[in-house]
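A short worksheet on the structure shown next.
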Amino acid sequence: MQQSELDSNVPGGFISYGRKSYYKPAPLPPSRDLALGNDFYETLSDATFWLGKLSGMSLELDFPPVLYTSLLRKEAIESAEIEGADVDYDALYSLETRSFDAGEDEISADSTKGQTKDTQEVLNYEDAIKGGIEALDRREDLTVERLHEFHETLLTGVPDDRVDTDTLGAYKTKPNHIGDFLPPVPDQVDGLMDALFTYYRTGGSYHPLVDVALFHYQFETIHPYGDGNGRLGRLLITLQLYDAGYLERPNLYLSEHFNRNKPTYVDRLEAVRYDGDWKAWLSFFIEGVARQAHESVDRTLSLARLRRQYDADYGGKSYTKNQLAVKLFEQPYVTSKTVQRLFDVKQPTASRVINDLVDEGVLEEVTGKGRNKEYRAREIFEILEQPPQTY
């Protein structure tokens, strides 16, 4: 499609570049009225309601950090899957458990041996989110410099066949493509990104959720880095919602909505670029926020109910089995060594306790091996891994 074929409402245009043309988006805000309509504002109201409910629960429920980490991990896994990665909960918790068993505070290089090559992407995503939250808690702003730091974190240590850029923590130095779409070329990126962050810093022009959606469209259209733009763009959504006070913790996994509706996600972005259809994109985005906030509320409530059940069934007793059952909400993936280290018991006692909880349906073995067995909290992981219930 060329400039002459674009509708006058389109927020950008094609610029000749050698034998091709790249697309240069107009700066935010959109130059014409968005005309969103009552149905859109009803969806927006739903999104703010469920975000408010999720934030309220985050403040009221006394949950161990591992459960919020699990929801953050769900976002990280979904985001990586959009890029073609193949990682599950077991692989990541197995890494953490082996490091714990070895007496290490963090996942070590030795612990990662034998894991899938995509695991590092998820761990990097978690580190970037946590680093961003910590920076915001220190009252530091989201800036271009911070963006470069996130980009470097996301791609560091990722296998070469999963990274298509030589510039980590810096804007692209050569043109890139999104299918047949040619986003702005390198010498245009600095100005476009400075304008985008100026829009963000000045508070935008619309409802905060609408401005987050506009920012995401603009960022993905500029495509400022040689690789990792999708992961970074999705990460920024969580940080912007946290920055705007819509999240008390990073427990909204919007990438699930994008992952389950990938063709629609792409179509809605292209409809803005080529047809100026802001409403379709904004409706898709805000609907996703509403659904995923609802999902996170339901999942969190299910975990809270299960924890109360375990407290009632196993709490208040000093038996190692009872202590382990309650401890699963902090350590949901264990080995015999884990139990020995947690409760200072011998191997026979640890094995007996694990076998008892397997018989009671609390734990399940996941490796299928005769030796070096690993176990996970069956009902906790059923809640974490269940497919979306609200759509």
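For the sequence shown, UniProt numbering begins at 1 and goes up steadily by one. Even for Gly, the Cβ is constructed at its ideal location relative to N, Cα and C.
CB-CB length for residue i against residue j, believed under 8 angstroms
{"i": "Leu-239", "j": "Gly-132", "result": "4 angstroms"}
{"i": "Ile-222", "j": "Pro-250", "result": "So it is not a contact: roughly 24 angstroms between Cβ atoms."}
{"i": "Asp-243", "j": "Leu-136", "result": "5 angstroms"}
{"i": "His-151", "j": "Tyr-225", "result": "6 angstroms"}
{"i": "Arg-54", "j": "Ala-293", "result": "The sequence given here has Leu at residue 54, not Arg. Leu-54 to Ala-293, Cβ: 5 angstroms. Contact."}
{"i": "Leu-182", "j": "Tyr-23", "result": "6 angstroms"}
{"i": "Ala-128", "j": "Leu-235", "result": "6 angstroms"}
{"i": "Ala-271", "j": "Pro-27", "result": "The Cβ separation is near 19 angstroms, so there is no contact."}
{"i": "Asp-275", "j": "Asp-33", "result": "Wrong, their Cβ atoms sit about 16 angstroms apart, outside the cutoff."}
{"i": "Val-366", "j": "Asp-166", "result": "Not quite, the Cβ-Cβ distance comes to about 38 angstroms (not below 8 angstroms), so this is no contact."}
For residue j and residue i, the rounded distance between their alpha carbons
{"i": "Leu-282", "j": "Arg-305", "result": "35 angstroms"}
{"i": "Ser-45", "j": "Phe-285", "result": "13 angstroms"}
{"i": "Ser-31", "j": "Pro-11", "result": "8 angstroms"}
{"i": "residue 476", "j": "Pro-175", "result": "Because residue 476 is not part of the residues shown, which for the chain are 1 to 391, the question remains open."}
{"i": "Pro-208", "j": "Gln-386", "result": "30 angstroms"}
{"i": "Ser-99", "j": "Tyr-93", "result": "10 angstroms"}
{"i": "Ala-290", "j": "Tyr-41", "result": "12 angstroms"}
{"i": "Lys-373", "j": "Ser-336", "result": "8 angstroms"}
{"i": "Tyr-199", "j": "Val-212", "result": "11 angstroms"}
{"i": "Leu-324", "j": "Phe-49", "result": "37 angstroms"}
{"i": "Ser-205", "j": "Gly-288", "result": "21 angstroms"}
{"i": "Thr-43", "j": "His-257", "result": "15 angstroms"}
{"i": "Glu-149", "j": "Asp-86", "result": "25 angstroms"}
{"i": "Gly-203", "j": "Glu-379", "result": "43 angstroms"}
{"i": "Pro-186", "j": "Ser-79", "result": "25 angstroms"}
{"i": "Tyr-314", "j": "Asn-322", "result": "5 angstroms"}
{"i": "Arg-19", "j": "Leu-247", "result": "46 angstroms"}
{"i": "Ile-383", "j": "Leu-72", "result": "14 angstroms"}
{"i": "Val-266", "j": "Ile-15", "result": "22 angstroms"}
{"i": "Val-339", "j": "Ala-350", "result": "6 angstroms"}
{"i": "Gln-120", "j": "Gly-157", "result": "7 angstroms"}
{"i": "Arg-376", "j": "Leu-328", "result": "9 angstroms"}
{"i": "Tyr-333", "j": "Leu-357", "result": "13 angstroms"}
{"i": "Gly-114", "j": "Ala-280", "result": "The predicted model places Gly-114 with a pLDDT of 45, which falls under 50 and marks its position as unreliable, so this point remains unresolved."}
{"i": "Pro-348", "j": "Val-122", "result": "35 angstroms"}
{"i": "Ser-318", "j": "Asp-88", "result": "34 angstroms"}
{"i": "Val-210", "j": "Gln-218", "result": "12 angstroms"}
{"i": "Leu-192", "j": "Ile-354", "result": "57 angstroms"}
{"i": "Pro-388", "j": "Tyr-310", "result": "25 angstroms"}
{"i": "Gly-103", "j": "Glu-75", "result": "28 angstroms"}
{"i": "Asp-141", "j": "Asp-190", "result": "18 angstroms"}
{"i": "Ser-111", "j": "Arg-371", "result": "Its pLDDT being 48, under 50, Ser-111 is placed unreliably in this model, and the coordinates cannot settle the point."}
{"i": "Val-144", "j": "Ile-77", "result": "25 angstroms"}
Assigned secondary structure, residue i (DSSP; H/G/I helix, E/B strand, else coil)
{"i": "Ala-377", "result": "strand"}
{"i": "Ser-205", "result": "coil"}
{"i": "Pro-184", "result": "coil"}
{"i": "Ala-85", "result": "coil"}
{"i": "Lys-130", "result": "helix"}
{"i": "Lys-262", "result": "helix"}
{"i": "Asp-118", "result": "coil"}
{"i": "Lys-53", "result": "helix"}
{"i": "residue 393", "result": "Because the chain spans 1 through 391 in this model, residue 393 falls outside it and cannot be assessed."}
{"i": "His-223", "result": "coil"}
{"i": "Arg-249", "result": "coil"}
{"i": "Arg-138", "result": "coil"}
{"i": "Ala-47", "result": "helix"}
{"i": "Pro-10", "result": "Checking the sequence, you will find Val at residue 10 rather than Pro. Looking at Val-10 - three-state DSSP - the assignment turns out to be coil, as it is neither helix nor strand."}
{"i": "residue 421", "result": "With the chain covering 1 to 391 only, the question about residue 421 has no answer from this structure."}
{"i": "Ser-4", "result": "Any reading at Ser-4 must be qualified, since the residue scores a pLDDT of 48, below 50, and its modelled position is unreliable; the value itself is stated next. Of the three classes helix, strand and coil, the one that applies to Ser-4 here is helix, per DSSP."}
{"i": "Leu-196", "result": "helix"}
{"i": "Lys-74", "result": "helix"}
DSSP beta-bridge partners of residue i
{"i": "Ile-15", "result": "Tyr-22"}
{"i": "Glu-152", "result": "Beta-bridge pairing links Glu-152 to no other residue."}
{"i": "Glu-365", "result": "Tyr-375"}
{"i": "Val-334", "result": "Tyr-375"}
{"i": "Ile-178", "result": "Phe-181"}
C-beta neighbour in chain D for residue i, strict 8 angstroms
{"i": "Val-366", "result": "This model lacks chain D altogether, as it is built from one protein chain only."}
Closer than 7 angstroms: residue i CB and nearest the ligand FMN heavy atom
{"i": "Arg-305", "result": "Absence of the ligand FMN from the depicted structure is noted, as is the absence of any ligand whatsoever, leaving it without description."}
Mind listing, in chain order, the continuous beta strand (DSSP E) runs of no fewer than 3 residues lying wholly within the region 268 to 355? none
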